[in-house]
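Working notes, beginning with the structure itself.
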DNA sequence: ACACTATTGACCGATATAGTCAATAGTGTT
DNA sequence: AACACTATTGACTATATCGGTCAATAGTGT
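Chains as they are written, first to last, in my numbering: chain G, 1 to 215; chain S, 216 to 430.
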């Protein structure tokens with residue numbers, strides 16, 4: 001159907017990066033509701049640009065959606081996957097890396113992760129998944145591939161342990177997000193430390209309950 | 216603002232229960248998108264009734280929304296909380312009860328839980344939360360209140376352990392839901408057994424890692 | 001002065017929206 | 001049968017929103 005988009009050759013890439021990201025972040029946020037429900041009016045309002053400009057660059061809502069996916073994919077590749085050290089086979093250490101990276105990315109692209117995770121069940125799915133051959137969620141197993149299973153205690157199934165670990169941090173994250181209603185930047189920054197401290201505590205629990213005793 | 220709705224005295228309660236639940240389930244499903252985005256046309260289409268009938272009973276979309284919340288609250292009270300045995304202080308046993316009850320309720324009211332959990336961040340929040348004084352999520356801590364902390368190993372913080380347990384089952388549930396695209400009833404029923412078996416396995420893991428050895 | 005791109009927002013036809021209403025079907029009462 | 005009352009329908013309305021267009025203006029480089 002649609003071929004893979006080369007984002008680097010796209011007209012909008014010559015736009016000032018701050019403005020471009022404002023537009024893409026607005027698109028991520030709005031497309032979170034699904035392709036059909038998303039409104040181009042809302043996107044331009046959120047991005048602070050005119051309606052005409054959006055269509056000047058993208059031509060149609062569908063093109064914008066496909067580009068948003070390609071743009072997010074590019075960011076994930078260059079600012080996430082390539083920065084992850086997959087030689088770290090201790091799953092708890094690797095997760096720690098992932099959390100730090102995700103926090104950084106969430107400052108820059110607040111709704112990008114949510115946008116990517118909605119792809120699997122939305123009507124936009126057919127628009128893009130075929131041309132890319134994968135969905136974001138299919139990448140998750142890769143994040144936990146090739147981990148060192150010898151670190152786990154003998155009675156523990158590593159697969160289930162990794163699931164517990166992953167779901168715990170997913171649950172903790174959403175619990176934090178729903179608690180924070182005000183995007184009061186000073187307030188958020190203050191909670192950032194406790195956030196990381198909490199996570200380290202959970203990591204240490206997992207280390208004691210799942211891993212063999214250190215010698 | 217709006218006072219608490221007494222659902223038992225509402226006109227619609229004299230309607231045949233099956234039909235009424237069809238309407239309310241359609242409302243739960245549609246209001247999942249938030250008050251504004253929900254469409255009364257979609258609700259009547261889903262419920263298989265005419266537009267006029269909906270407004271005959273509820274007068275306005277806003278009244279319907281408020282009633283839906285009251286209706287769900289009533290169901291939660293009578294078909295969930297009151298059936299839970301809070302004298303079971305073993306948190307893993309209590310969770311097992313909760314899971315079984317939730318599955319039952321999800322057959323009868325497939326979108327009710329989702330509807331209730333969206334209240335906290337939706338525009339409809341202001342419509343109802345004030346008049347009831349609580350949101351659904353504020354009830355969650357009550358579910359885990361007064362548990363027997365002496366069952367836990369000495370090195371384990373019971374609060375954190377309960378969080379891990381709760382988030383694990385939340386994560387497992389959503390993982391299952393995203394996997395099932397087709398509401399193929401026979402297929403779903405077949406997976407039901409594996410579903411419960413998985414959960415029991417996780418429960419047994421938690422029992423071994425968090426609880427003291429049995430004598 | 002010229003060419004070209006960036007940017008705007010009023011505007012368009014199409015669609016979707018919440019809510020109305022007159023008409024019909026149904027049910028129970030006398 | 002006649003009456004009263006409620007249940008139910010779906011065409012209809014007025015408004016809002018939708019994706020997309022376009023002529024005009026601002027800006028930039030030559």
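Ideal Cβ positions, reconstructed from N, Cα and C, are used throughout, including at glycine.
Contacts that residue i makes with chain G (C-beta to C-beta distance below 7 angstroms)
| i | result |
| --- | --- |
| residue 424/S | 209 |
| residue 420/S | 160 |
Amino acids of chain S, ordered along the chain, whose beta-carbon sits closer than 8 angstroms to that of residue i
| i | result |
| --- | --- |
| residue 155/G | 423 |
| residue 172/G | 378 and 382 |
Unbroken alpha helix (DSSP H) run spanning residue i, endpoints
| i | result |
| --- | --- |
| residue 28/G | 17-31 |
| residue 75/G | 61-79 |
| residue 308/S | 306-323 |
| residue 46/G | 40-47 |
| residue 57/G | 51-58 |
| residue 111/G | No alpha helix (DSSP H) holds residue 111/G; DSSP gives it neither H nor E. |
Beta-carbon separation (whole angstroms), residue i vs residue j, contact threshold 8 angstroms
| i | j | result |
| --- | --- | --- |
| residue 269/S | residue 255/S | 6 angstroms |
| residue 226/S | residue 326/S | Between residue 326/S and residue 226/S the Cβ distance is about 23 angstroms, and since that is not below 8 angstroms, they are no contact. |
| residue 305/S | residue 363/S | 6 angstroms |
| residue 253/S | residue 237/S | At roughly 16 angstroms, the Cβ-Cβ gap does not stay under 8 angstroms, so residue 253/S and residue 237/S are not in contact. |
| residue 365/S | residue 247/S | That belief does not hold up - the Cβ atoms of residue 365/S and residue 247/S are roughly 41 angstroms apart, past 8 angstroms. |
| residue 5/G | residue 66/G | 6 angstroms |
| residue 164/G | residue 379/S | 7 angstroms |
| residue 285/S | residue 222/S | 5 angstroms |
| residue 232/S | residue 283/S | With a Cβ gap of about 16 angstroms, residue 232/S and residue 283/S do not count as contacting. |
| residue 367/S | residue 360/S | Not quite, the Cβ-Cβ distance comes to about 16 angstroms (not below 8 angstroms), so this is no contact. |
| residue 101/G | residue 203/G | Actually they do not touch by this definition, with Cβ atoms about 15 angstroms apart. |
Within-8 angstroms CB hit, residue i to chain G
| i | result |
| --- | --- |
| residue 311/S | no |
| residue 283/S | no |
| residue 383/S | yes |
| residue 354/S | no |
| residue 288/S | no |
| residue 379/S | yes |
Under 8 angstroms from the C-beta of residue i: neighbouring residues of chain G
| i | result |
| --- | --- |
| residue 252/S | 33 and 37 |
Amino acids of chain S, ordered along the chain, whose beta-carbon sits closer than 7 angstroms to that of residue i
| i | result |
| --- | --- |
| residue 234/G | Shown here, chain G extends from 1 to 215; a query on residue 234/G therefore has no answer. |
Neighbour flag for residue i against chain S, beta carbons, 8 angstroms
| i | result |
| --- | --- |
| residue 202/G | yes |
| residue 130/G | Any reading at residue 130/G needs caution, since the residue's pLDDT is 49, under 50, leaving its predicted position unreliable; the model's value is listed next. Chain S contact via Cβ: absent. |
| residue 125/G | Reliability of the predicted coordinates at residue 125/G is poor, the pLDDT of 48 falling under 50, and no value is obtained from them. |
| residue 10/G | no |
Near the ligand GDP: residue i beta-carbon under 7 angstroms from a heavy atom
| i | result |
| --- | --- |
| residue 14/G | Ligands are entirely absent from the displayed structure, and the ligand GDP is therefore not among its contents. |
*State whether the stretch 197-215 of chain G contacts the stretch 269-285 of chain S, with contact taken as three or more CB pairs (one from each stretch) at a distance under 8 angstroms.*
Not touching, per the Cβ criterion.
Point to revise | Any 3 or more C-beta pairs closer than 8 angstroms across the stretch 320-331 of chain S and the stretch 303-311 of chain S | key: Touching, no, given that fewer than three Cβ pairs across the two stretches are closer than 8 angstroms.
Self-check item: Three-pair Cβ contact test at 8 angstroms for the stretch 412-422 of chain S versus the stretch 384-393 of chain S
Solution: A contact exists between the stretch 412-422 of chain S and the stretch 384-393 of chain S.
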